[in-house]
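**Student:** My questions all concern the structure below.
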């Protein structure tokens, strides 16, 4: 979770056995509607980097990067 959730930005992180920390985080989340909304919006925006469209763009970019040198080499050899 710590690699996914940015504490204080996109959610609340607590230690695995941190009962008091969990209680504090739940109280904070329950009592501040605006903070819940803001963190939810930031979490949603961050999650867009991990969806299939974003992954497809990164893969396409990688293929384009890998193919350019091959095309340049082929053009030189074909001269």
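Residue numbers (our numbering): 15 to 93.
C-beta atoms are modelled at their ideal positions from N, C-alpha and C, and glycine is treated no differently.
What you are looking at is a predicted structure, and each value in this text was computed from that prediction instead of being measured.
Is it true that the CB of residue 43 sits closer than 8 angstroms to the CB of residue 26?
**Tutor:** With contacts defined by Cβ atoms closer than 8 angstroms, residue 26 and residue 43 form a contacting pair.
**Student:** Round the Cβ separation of residue 29 and residue 20 to the nearest angstrom and send it over; I've been treating them as touching at under 8 angstroms.
**Tutor:** Wrong, their Cβ atoms sit about 16 angstroms apart, outside the cutoff.
**Student:** With 16 as the cutoff for other CB atoms within 10 Å, does residue 37 come out buried or exposed?
**Tutor:** exposed
**Student:** Residue range of the alpha helix (DSSP H) that residue 44 falls in?
**Tutor:** 33–45
**Student:** Which term fits residue 84, buried or exposed, when burial requires 16 or more other beta carbons within 10 angstroms of its beta carbon?
**Tutor:** When all chains shown are included, residue 84 counts as exposed.
**Student:** Taking Cβ positions, are residue 62 and residue 70 nearer each other than 8 angstroms?
**Tutor:** Taking C-beta atoms as the reference points, residue 62 and residue 70 fail to come closer than 8 angstroms.
**Student:** Less than 8 angstroms between the C-beta atoms of residue 60 and residue 24, yes or no?
**Tutor:** The Cβ atoms of residue 60 and residue 24 sit closer than 8 angstroms to each other.
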